[in-house]
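**Student:**
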Amino acid sequence: MLIYANVRETKGPAMPVDLDDARWDAVCIKNRDLDGEFVFAVKTTGIYCRPSCPAKTAKRQNVEFYETTVLAQQAGYRACKRCHPDGVSQEHSRNSMIETACQLIKNSEAPLKLETLASKMAMSPHHFHRIFKELTGVTPKQYQSALQKEKVRSLLNQSASISGAIYDAGYNSASRFYEMAGAMLGMSPKAYRAGAEDLQMQYMVCESALGLLLIASTEKGICTIEFGDSASVLEQVLQQRFPKASIRAAETHFKEWVTSILAYIQQPRGLLDLPLDVQGTAFQQRVWKALQDIPPGQTASYAEIAKRIGSPSSVRAVANACASNQLAVAIPCHRVIRSDGDVTGYRWGMERKKALLKRESET
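Just so you know, this note's numbering puts 347 at position 344 of the sequence shown, and the rest follows in order with no gaps.
1) Given residue 334, which residues of its chain have a CB within under 7 Å of its CB, disregarding the five upstream and five downstream residues?
2) Where does the unbroken beta strand (DSSP E) through residue 227 begin, and where does it stop?
3) Output the residue ranges of the alpha helix (DSSP H) runs that lie fully inside the region 270 to 300 and measure 4 residues or longer, sorted by chain position.
4) Quick check: the Cα distance between residue 121 and residue 127, rounded to an integer number of angstroms?
5) I'd like to confirm the pairing. Which residues does DSSP put opposite residue 379 in its beta bridges?
6) With distances taken Cα to Cα, identify the nearest neighbour of residue 37 among 46, 109, 52.
7) In this structure, does DSSP put residue 198 in helix, strand or coil?
8) Could you say which of 231, 211, 332, 219 lies nearest to residue 280 if we only look at CA atoms?
9) Where does the unbroken beta strand (DSSP E) through residue 68 begin, and where does it stop?
10) Evaluate residue 339 with the Cβ neighbour count: other Cβ atoms within 10 Å of its Cβ, from every protein chain shown; 16 or more gives buried, anything less gives exposed.
11) For residue 240, name the three-state secondary structure that DSSP assigns.
12) Report all residues from its chain with a CB closer than 6 Å to the CB of residue 3; omit the five preceding and five following residues, and keep chain order.
13) For residue 61, which residues in the same chain have their Cβ closer than 8 Å to its Cβ, ignoring the five residues on either side in sequence?
14) Would you mind listing the alpha helix (DSSP H) stretches within the region 35 to 87 that are 4+ residues and don't spill past its ends, in chain order?
15) If we call anything under 8 Å between Cβ atoms a contact, is residue 237 one with residue 260?
16) Does DSSP put residue 204 in a helix, a strand or coil?
17) Based on the DSSP output, what are the partners of residue 251 in its beta bridges?
18) Give the straight-line distance between the Cα atoms of residue 138 and residue 225, rounded to the nearest whole angstrom.
19) Along the chain, where does the alpha helix (DSSP H) containing residue 126 start, and where does it finish?
20) Over the uninterrupted alpha helix (DSSP H) stretch that includes residue 357, give me the two end residues.
21) What is the DSSP secondary structure of residue 321, reduced to helix, strand or coil?
22) Evaluate residue 57 with the Cβ neighbour count: other Cβ atoms within 10 Å of its Cβ, from every protein chain shown; 16 or more gives buried, anything less gives exposed.
23) With DSSP as the reference, label residue 303 as helix, strand or coil.
24) Quick test of the definition: if touching needs 3 or more C-beta pairs under 8 Å, does the region 318 to 332 touch the region 347 to 356?
25) Pull up the CB-CB distance for residue 268 and residue 332, whole angstroms please, since I reckon it's below 8 Å.
26) Put residue 220 into one of helix, strand or coil per three-state DSSP.
27) From this set, 43, 87, 54, 215, which residue's C-alpha is nearest residue 78's C-alpha?
28) How long is the line joining the alpha carbons of residue 321 and residue 287, rounded to whole angstroms?
29) If you compare alpha carbons, which of 363, 54, 301 is closest to residue 344?
30) On the DSSP bridge list, what partners appear for residue 2?
31) Distance check for residue 303 and residue 356, CA to CA, integer angstroms please.
32) Which value, in whole angstroms, describes the spacing of the CA atoms of residue 283 and residue 253?
33) Rounded to the nearest angstrom, how far is the Cβ of residue 264 from that of residue 289, given a contact under 8 Å?
34) Near residue 81, what residues of its chain come up, given a Cβ to Cβ distance below 7 Å and the 5 sequence neighbours on each side ignored?
35) With DSSP as the reference, label residue 30 as helix, strand or coil.
36) Report all residues from its chain with a CB closer than 7 Å to the CB of residue 116; omit the five preceding and five following residues, and keep chain order.
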């Protein structure tokens, strides 16, 4: 049952005390995510603001909260001229602008120059570059590069020739593409086009403390660690990823890796020190490296990871990178939680995530 606080009758309806506390916390950290959910009013100044208002935080006893700007106005308050609570928030405006820029990049047949993009957004190149990286976690050039990589992967499976796929994807030089093809595709363009026909892989499905586990590796190292409930489904997913690769049963040294992974799941300590074949964008790899730096028994929020990699506004991109991880436990995305402490978001199921965190906290 909620307890209601006493507020002045002339200043609108009373608010639940526990809700007030949560909203005050949001004001103290200037939480942009709650802009539009409520406004706060300052008795000593007579103004009302967004939760994210950059002005100096008022004293708690001088602050009260309203569900809408209309209620704040009816109580006699006026809108803040710094955060403009009656208009579109700066955060919303910037997000909309970057979404438009991303769509322009996607729809363009050729890479767009920074100056061109900035001009279309009515901004200086420097300012546009800074905001784009702040909100997406990558520069406009890196974003275009990632789209090119995805496009060339698709075209390699569709075009009549490899060179045609390269140029159709927007690469001006085939030789330059071949220089970075190994890191981008994990194999040569020819092998990728053939469905990883020349790729040698080995795998094993085994029982772990948290259910079935499929572990697979290339010559470079372990490329897949997947939890599942069905061996046939796990094997099918691996085959779909590498339709023409030569996939064989595990050999002796590989079984030693499997033993290490199973022991780590059972009793996690330190870092799982095994050779990994990690494939992802530059941003994803920065996130994954940050995840590996979280010690067992500890957690970090998506926002904290974003700060650690130097992109504090890229919380959503960090979450997407965690969701794209295909190396369970080795890249410990289960150690990332929400800022409010809620355990959520794990591609192999919430129960497994909770179980992993519980095991690590007890070790």
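Even glycine gets a Cβ: it sits at the ideal position worked out from N, Cα and C.
**Tutor:** Checking against the coordinates, here is how it stands:
1) As a working note, residue 334 is residue 331 in the sequence shown. If we look at residue 334 and ignore the five residues flanking it on each side, its Cβ neighbours are 291, 294, 295, 328.
2) Here residue 227 refers to the residue found at position 224 when the sequence shown is read from its first residue. First-last of the beta strand (DSSP E) with residue 227: 225 to 231.
3) 285 to 295
4) The count along the sequence shown starts at 1 and reaches residue 121 at position 118. The count along the sequence shown starts at 1 and reaches residue 127 at position 124. Looking at the two C-alpha atoms, the distance is approximately 6 Å.
5) Lying outside 4 to 366, the shown extent of the chain, residue 379 is not represented and no answer is given.
6) Position 34 of the sequence shown, counting from 1, holds the residue named residue 37. Taking only the C-alpha atoms, the option nearest residue 37 is 52.
7) Within the sequence shown, residue 198 is the residue found at index 195, counting from 1. In this prediction, residue 198 has a pLDDT of 46, which is less than 50 and means its spatial position is unreliable; nothing more can be read from the coordinates.
8) Locating residue 280 in the sequence shown gives position 277, counting from the first residue. The option with the nearest alpha carbon to residue 280 is 219.
9) The sequence position of residue 68 within the sequence shown is 65, counting from 1. Where residue 68 is concerned, the enclosing beta strand (DSSP E) stretches over 66 to 69.
10) The sequence position of residue 339 within the sequence shown is 336, counting from 1. It is buried - the Cβ of residue 339 has at least 16 other Cβ atoms within 10 Å.
11) Within the sequence shown, the letter at position 237 stands for residue 240. If DSSP states are grouped into helix, strand and coil, residue 240 belongs with the helices.
12) Because the chain is modelled from 4 through 366, residue 3 falls outside the range shown and cannot be assessed.
13) Numbered from 1 along the sequence shown, position 58 holds the residue referred to as residue 61. In chain order, 45, 47, 48 place their CB closer than 8 Å to the CB of residue 61, counting only its own chain and leaving out the 5 sequence neighbours on each side.
14) Fully enclosed alpha helix (DSSP H) runs of no fewer than 4 residues occupy 72 to 77 of the region 35 to 87, in order along the chain.
15) In the sequence shown, the residue the question calls residue 237 occupies position 234. In the sequence shown, the residue the question calls residue 260 occupies position 257. Cβ distance not < 8 Å, so residue 237 and residue 260 don't count as in contact.
16) Numbered from 1 along the sequence shown, position 201 holds the residue referred to as residue 204. Residue 204: strand per DSSP, three-state reduction.
17) Along the sequence shown, read from residue 1 onward, the residue named residue 251 stands at position 248. Answer by DSSP bridge pairing, in chain order: 205.
18) To locate residue 138, count along the sequence shown from 1; it is residue 135. To locate residue 225, count along the sequence shown from 1; it is residue 222. Roughly 32 Å separates the two Cα atoms.
19) Working through the sequence shown from its first residue, we reach residue 126 at position 123. Run containing residue 126: none; DSSP gives neither H nor E here.
20) Taking the first residue of the sequence shown as position 1, residue 357 is located at position 354. Residue 357 -> alpha helix (DSSP H) spans 353 to 365.
21) Within the sequence shown, numbered from 1, the residue matching residue 321 stands at position 318. Helix at residue 321.
22) The residue given as residue 57 occupies position 54 in the sequence shown. That one is exposed.
23) Translated into positions along the sequence shown, residue 303 becomes position 300. Looking at residue 303 - three-state DSSP - the assignment turns out to be strand.
24) yes
25) Looking up residue 268 in the sequence shown gives position 265. Looking up residue 332 in the sequence shown gives position 329. With 8 Å as the limit, residue 268 and residue 332 qualify as a contact, their Cβ atoms being about 6 Å apart.
26) Your numbering for residue 220 matches position 217 in the sequence shown. Strand, per DSSP.
27) Counting from one through the sequence shown, the residue named residue 78 turns up at place 75. Of the listed residues, the one whose Cα sits closest to residue 78 is 43.
28) Within the sequence shown, numbered from 1, the residue matching residue 321 stands at position 318. Within the sequence shown, numbered from 1, the residue matching residue 287 stands at position 284. Taking the straight line joining both Cα atoms gives about 8 Å.
29) For this step, residue 344 is matched to residue 341 along the sequence shown. Minimum Cα distance to residue 344 is reached at 301.
30) The first residue shown for the chain is 4 and the last is 366, placing residue 2 beyond what the model contains.
31) Here residue 356 corresponds to residue number 353 of the sequence shown, with the count starting at 1. Here residue 303 corresponds to residue number 300 of the sequence shown, with the count starting at 1. Computed Cα separation, rounded: 14 Å.
32) The residue labelled residue 283 in the question sits at position 280 within the sequence shown. The residue labelled residue 253 in the question sits at position 250 within the sequence shown. Answer to the nearest angstrom: the Cα atoms are 25 Å apart.
33) As a working mapping, residue 264 is identified with position 261 in the sequence shown. As a working mapping, residue 289 is identified with position 286 in the sequence shown. The pair is not a contact, with the Cβ atoms about 24 Å apart (cut-off 8 Å).
34) By 1-based counting over the sequence shown, the position of residue 81 is 78. If we look at residue 81 and ignore the five residues flanking it on each side, its Cβ neighbours are 49, 50.
35) Taking the sequence shown and counting its residues from 1, one reaches residue 30 at position 27. Looking at residue 30 - three-state DSSP - the assignment turns out to be helix.
36) The residue labelled residue 116 in the question sits at position 113 within the sequence shown. So no residue of the chain qualifies.
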